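Visitor: Starting off with a structure, shown below.
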Amino acid sequence: MNLSYLANASGIAAEYSLYEKWIASAKVILTGFVVVFAVLFLLIAIIKIYSAIVTKVQDRNNVKKHKKEKISQPGEALKKPVVIPVQKNNADEPVVSGEIDGEVVAVIAAAVTAMYGTKGKAKIKSIKKSGGRSAWANAGILDNTRPF
Numbered sequence: 062m063n064l065s066y067l068a069n070a071s072g073i074a075a076e077y078s079l080y081e082k083w084i085a086s087a088k089v090i091l092t093g094f095v096v097v098f099a100v101l102f103l104l105i106a107i108i109k110i111y112s113a114i115v116t117k118v119q120d121r122n123n124v125k126k127h128k129k130e131k132i133s134q135p136g137e138a139l140k141k142p143v144v145i146p147v148q149k150n151n152a153d154e155p156v157v158s159g160e161i162d163g164e165v166v167a168v169i170a171a172a173v174t175a176m177y178g179t180k181g182k183a184k185i186k187s188i189k190k191s192g193g194r195s196a197w198a199n200a201g202i203l204d205n206t207r208p209f
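If you read the sequence shown in our numbering, its first letter stands for residue 62, the second for the next number, and so on.
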């Protein structure tokens, strides 16, 4: 069976020159680049449009939320006195869970003394560790899960 006859009959050239091979390779590479970058720009445009829509919806929800709550002027909060209820304890020392170090208790006691003075009757009733994540962990989660 003669293969050159089959190649010529189907319109396929038996051999290309080196120049023709380079031209065909360049066409394939350029076509690939054009397709890849066109799809990349299309995806970027879709993500930008989606981000704009999500931002508008969130802003609209925040405006509705703030309209429901009466927003005061920024300086008003500083003018009003803050009343902190202090519970009195008959015991001389606060109830402390086993995980909290004595230095931490001393710092908390010093802060209470600085706030209310030595003549005040404010006493620390109990000190316990709060549950959940730390403020740094919450900030990291919020930063990494914020939409575009």
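All C-beta atoms, glycine included, are put in the ideal place defined by N, C-alpha and C.
Predicted model, so just to flag it, every value in this text is computed and none were measured.
According to DSSP, simplified to helix, strand and coil, what is Ile188?
Guide: The count along the sequence shown starts at 1 and reaches residue 188 at position 127. Note: Ile188 maps to strand in three-state DSSP.
Visitor: Let me make sure I understand the geometry here. Which of Thr206, Ala170 and Thr92 has the alpha-carbon closest to that of Lys182?
Guide: Within the sequence shown, residue 182 is the residue found at index 121, counting from 1. Of the listed residues, the one whose Cα sits closest to Lys182 is Ala170.
Visitor: Leaving out the 5 sequence neighbours to the left and right, which residues in its chain are closer than 7 Å to Ile161 when beta-carbon positions are compared?
Guide: As a first step, residue 161 must be located in the sequence shown, where it is residue number 100. Its chain contains Ile188 and Lys190 as the residues whose beta carbon lies nearer than 7 Å to that of Ile161, once the 5 sequence neighbours on both sides are disregarded; these appear in chain order.
Visitor: In terms of residue numbering, what span does the alpha helix (DSSP H) encompassing Glu164 cover?
Guide: Translated into the one-based positions of the sequence shown, residue 164 becomes position 103. First-last of the alpha helix (DSSP H) with Glu164: Gly163 to Tyr177.
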